[in-house]
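**Q**
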Amino acid sequence: MAVDVATPVYEGPFDLLLQLILAEQVDIYEINLVTIVDAYLVEIERMQQLDLDVATGFVLIAATLVELKARRLLPDQGDVDLDEELALWEERDLLLARLLEAKTFKDVAGVFATLADDADLSFPRQVGPDERFDGIAPDLLEGTSVTRLRNAAIRALTPPAVPVVDLHHVTPITVTVADAVAELVDELPRAGRISFRRLTDALVDRIEVIVRFLAVLELFKQGAVELDQTERFGDIAITWIADDEFDRSAVLVDTYEG
Amino acid sequence: MTDASEPSLGALIESIVLVAHDPVPTELLAQLLERPIDEVDACCDELAEAYRSEGRGFELVHVAGGVRFQTVADHAPWVERFLLYDQRARLSGAALETLAIIAYKQPISRAQVAAIRGVDPDGVLRTLQARGYVAELGRDDGPGQAILFGTTPTFLERLGLRSLDDLPPIAEFIPGPEVVEALEDGLRITPSIDVDAPPA
Amino acid sequence: MTDASEPSLGALIESIVLVAHDPVPTELLAQLLERPIDEVDACCDELAEAYRSEGRGFELVHVAGGVRFQTVADHAPWVERFLLYDQRARLSGAALETLAIIAYKQPISRAQVAAIRGVDPDGVLRTLQARGYVAELGRDDGPGQAILFGTTPTFLERLGLRSLDDLPPIAEFIPGPEVVEALEDGLRITPSIDVDAPPA
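Protein chains in written order, with our numbering: chain L, 1 to 258; chain X, 1001 to 1200; chain A, 2001 to 2200.
1. Using a C-beta cutoff of 8 Å, does L2148 of chain A count as contacting chain X?
2. Mind listing which residues of the segment 2059-2079 of chain A have their C-beta closer than 9 Å to chain L's C-betas, in chain order?
3. I'd like the span of the beta strand (DSSP E) that includes I236 of chain L, first residue to last.
4. Across which residues does DSSP place P2107 of chain A in a beta bridge pair?
5. With distances taken between CB atoms, is the gap from V1040 of chain X to L1029 of chain X smaller than 8 Å?
6. Tell me where the beta strand (DSSP E) around Q229 of chain L begins and ends.
7. Among L:D51, L:R212 and L:I207, which residue has its Cα nearest to the Cα of E187 of chain L?
8. Under 9 Å between beta-carbons, which chain L residues line up against I2016 of chain A? List them in chain order, please.
9. Just to make sure I have the definition right: I need the residues of chain A whose C-beta is within less than 9 Å of the C-beta of I1013 of chain X. Which are they?
10. Report the neighbours of I1170 of chain X on chain L: residues whose CB is nearer than 8 Å to its CB, in chain order.
11. Given 8 Å as the limit, is there contact between the segment 33-53 of chain L and the segment 2093-2112 of chain A, that is, 3 or more CB pairs closer than that?
12. For the segment 2092-2145 of chain A, which segments carrying the beta strand (DSSP E) assignment without a break, of at least 3 residues, lie completely within its bounds, in sequence order?
13. Quick one: what's got a C-beta closer than 6 Å to H169 of chain L's C-beta in the same chain, skipping five residues either side?
14. Taking the alpha-carbon of T1026 of chain X as reference, which of X:G1132, X:T1098, X:G1066 and X:Y1085 has the nearest alpha-carbon?
15. Hey, how far is the Cα of T158 of chain L from the Cα of A224 of chain L?
16. In the DSSP output, what is T1071 of chain X paired with across the bridge?
17. Which residues, in order along the segment 1137-1164 of chain X, keep a beta-carbon less than 7 Å from a beta-carbon of chain A?
18. Comparing alpha-carbon positions, which option in A:A2182, A:L2183, A:F2069 and A:D2140 lies nearest E1014 of chain X?
19. Using beta carbons (cut-off 8 Å, strictly below), is S2008 of chain A in contact with chain X?
20. Report the rounded CA-to-CA distance for L2137 of chain A versus F2173 of chain A, giving the unit in angstroms.
21. Run the CB neighbour count on P1077 of chain X, radius 10 Å, all protein chains shown included, and call it buried at 16 or more, exposed below.
22. Given this structure, state the Cα-to-Cα distance separating L60 of chain L from A2182 of chain A, to the nearest angstrom.
23. Using a Cβ-Cβ cut-off of less than 7 Å, give me the residues of the segment 1104-1125 of chain X that come near chain L, in sequence order.
24. Is F105 of chain L near I2108 of chain A, with beta carbons less than 8 Å apart?
25. So which residues on chain X does I136 of chain L lean against when the C-beta distance must stay under 7 Å?
26. Quick check: what's the CA-CA separation for Q1031 of chain X versus F123 of chain L?
27. Can you tell me whether F1149 of chain X is helix, strand or coil according to DSSP?
28. If we count the other Cβ atoms within 10 Å of its Cβ and call it buried at 16 or more, is L2099 of chain A buried or exposed?
29. Return the chain-ordered list of same chain residues with a C-beta closer than 7 Å to the C-beta of D235 of chain L, the five sequence neighbours on each side being excluded.
30. A180 of chain L: which of L:E90, L:G192 and L:V209 sits nearest, CA to CA?
31. Say whether chain A places a C-beta atom closer than 8 Å to the C-beta of V1040 of chain X.
32. Using a threshold of 8 Å, state whether the C-beta atoms of L1202 of chain X and C1044 of chain X are closer than that.
33. Tell me the residue span of the beta strand (DSSP E) that contains I194 of chain L.
34. Counting only runs that start and end within the segment 76-138 of chain L, where is the alpha helix (DSSP H) found for 4 or more residues in a row?
35. How many angstroms separate the CA atom of T1154 of chain X from the CA atom of I1147 of chain X?
36. Please report the distance separating the alpha-carbon of Q222 of chain L from that of A242 of chain L.
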């Protein structure tokens, strides 16, 4: 089975490889190599303006991946060139070392996030002296460079980012039918009547679509929705028919494992 | 003195007044902490008395319609020595940002500065005016006739600028709101693999 | 507690730290107050302990090479309500990873960061510089004379660290055998049926 790379957000080829290998527990044989090589190409293009050495290193890593995969797909030919074999091992170890280093700093970043969150709970006093001491430092701008003023302007005028829940360091949450039911119980009463296709068109992973479908069936079983399919294989219309008093917690769902 | 789950009123007052740039009216404290104002007033008096009796280097005083922390008068010589010595005695981050906004966006009203910074710039504006870095330029033509602020020749002189045109451009650094998030998140790549997106 | 003519060391420290914008190095306090640094350090610890045991709303902490007053963490909800806005935007994952690399590998060039992260950190680096967490330390002696970056005291403040020495040793983060094994397994050269051991 080839693994569809459907991770919504990743940052560059190392991140992608780490996510695939560590979070999804897949090996290079299963990975859709095109996506990874594409990610490398994007970064190589960016990095050429930065540093030729770095870019060259990236080409090498991409080539190693292709070589690794090719080797896995082909049956053992028996007559391996020992030099080539050693070179491949070497390249593979280099890639491994790179990934380990990237992983190390990813984990450090997680600790930094915790430190920053803790530090956020305390607010420093930055009030400065009161007006009784105004005479002491008549020039508060002494030593302030134009660059410092410019940076302050950039800080102040940059619109704040929309707060996002950063799941960067969290392993992807497995979608459960129970979660999907909870989502639907929230979503469907507002939608009233909605087609299954519309309900799922924002989803990327096929497994998510399947889980939603199971959730819809669950709600149908509970009598919370009405289903309507006008033709075979046609779209399914879902209508919320439960009243306001519908007890969400009553929807007990078996946990579908695997 | 205080239960871990329920901070004491005194401790809460201390926290808020510690970070306030301007004296905090006790009415505001009462409102924020959802306590009767009499209780807040009494608590402030208790705190002030406690600091006095403990011989603290700071005191809690009523000034300009609110309470604030300030250094005890006897320590003025040491505080002055620190302020003179401290190479970093300069505008606070908040003051510098406000000054920067005014420098780049003048003429600008107080409300506009507040909208950008997310806080009332009153105290900071007063400091900047008192220091002669910022002055009233005139009034807005609009209905509110808001006072408009701008920087002064003193400001230019202190920064070694001949004119406002000498300020380094910032437009290239200020992204629109839609790209800020992307910038913050770095250069993330979204895989383009949705070859068979379901029809709408 | 204190003689009117001779203020206590603790009270003097309180006064100075109260008016400071940034953490005050204890060396500076010792110098200004003409006391041995050990005594100043011990006195800061005593003050911090006293505030804790009295259940004060503020604390005296060592951060970024100095001491400062800050509000106690438990009061965050009330202080935030007073300040009305979140002054400190959360750092994105990309920013944190870049900071992690720079913190442990400084001085470091942009290309070196890129080689470790696998992405060009240009946008993130600019954001970190604008926020003041990262600064240019100098230039590489090598042919390219690349700009070298390092972390700033603001970075230490942001993370609540006393100094870079407070960072946990990087060895603690080197992935454990199970991760190494998973990666080795993911990057196997031979098909899975083969039980070839990797070379030593």
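By construction, the Cβ of each residue, glycine as well, lies at the ideal position given by its N, Cα and C atoms.
Here the structure is a predicted model, which is why all the values come from computation and not from measurement.
**A** In brief:
1. No, L2148 of chain A does not count as interfacial toward chain X.
2. Those would be E2059, V2061, V2063, R2068, F2069, Q2070, T2071, V2072, A2073, D2074, H2075, A2076 and V2079, in chain order.
3. Counting along the chain, the beta strand (DSSP E) containing I236 of chain L begins and ends at I236 to W240.
4. In the DSSP assignment, P2107 of chain A is bridged to no other residue.
5. Yes, the Cβ-Cβ distance between V1040 of chain X and L1029 of chain X is below 8 Å.
6. Where Q229 of chain L is concerned, the enclosing beta strand (DSSP E) stretches over V225 to Q229.
7. Of the candidates L:D51, L:R212 and L:I207, the one whose C-alpha sits nearest the C-alpha of E187 of chain L is L:R212.
8. In chain order: nothing, as chain L lies at least about 10 Å away.
9. Residues of chain A passing the Cβ test: G2057.
10. In chain order: R150, A153, I154 and L157.
11. With a cut-off of 8 Å, the segment 2093-2112 of chain A and the segment 33-53 of chain L count as touching, because enough Cβ pairs lie within range.
12. With a minimum length of 3 residues, the continuous beta strand (DSSP E) runs that stay inside the segment 2092-2145 of chain A are 2134-2139.
13. Below a pLDDT of 50, predicted positions are generally treated as unreliable, and H169 of chain L, at 38, falls in that range; the measurement from the model is reported next regardless. If we look at H169 of chain L and ignore the five residues flanking it on each side, its Cβ neighbours are G110.
14. Ranking X:G1132, X:T1098, X:G1066 and X:Y1085 by Cα distance to T1026 of chain X puts X:G1066 first.
15. Roughly 47 Å between the two C-alpha positions.
16. DSSP, once it has assigned bridges, lists X:F1058 as partnering T1071 of chain X.
17. For the segment 1137-1164 of chain X, which is checked against every Cβ of chain A, not one residue is closer than 7 Å.
18. Taking only the C-alpha atoms, the option nearest E1014 of chain X is A:F2069.
19. By this cut-off, S2008 of chain A is an interface position.
20. Cα to Cα, the separation comes out at about 26 Å.
21. Counting Cβ neighbours within 10 Å, P1077 of chain X comes out exposed, since fewer than 16 surround it.
22. Their backbone Cα atoms lie some 22 Å apart in a straight line.
23. Flagged, chain order: Y1104, I1116 and R1117.
24. Taking 8 Å as the Cβ cut-off, F105 of chain L and I2108 of chain A do not qualify as a contacting pair.
25. Under the 7 Å cutoff, chain X gives E1080, L1083 and L1084.
26. If you take the alpha carbons of Q1031 of chain X and F123 of chain L, they lie about 20 Å apart.
27. It is a strand residue.
28. By the Cβ neighbour-count rule, L2099 of chain A is buried, with 16 or more other Cβ atoms within 10 Å of its own.
29. Around D235 of chain L, the same chain offers S195, F196 and R197 as residues with beta carbons nearer than 7 Å, after the five sequence neighbours per side are excluded.
30. When only C-alpha atoms are compared, the closest one is L:V209.
31. Cβ-Cβ to chain A under 8 Å: no for V1040 of chain X.
32. Because chain X here runs from 1001 to 1200, residue 1202 of chain X falls outside it and cannot be looked at.
33. Counting along the chain, the unbroken beta strand (DSSP E) around I194 of chain L starts and ends at R193 to S195.
34. The segment 76-138 of chain L contains these whole alpha helix (DSSP H) runs: 82-119.
35. Going from the Cα of T1154 of chain X to the Cα of I1147 of chain X covers about 20 Å.
36. So the two alpha carbons sit approximately 9 Å from each other.
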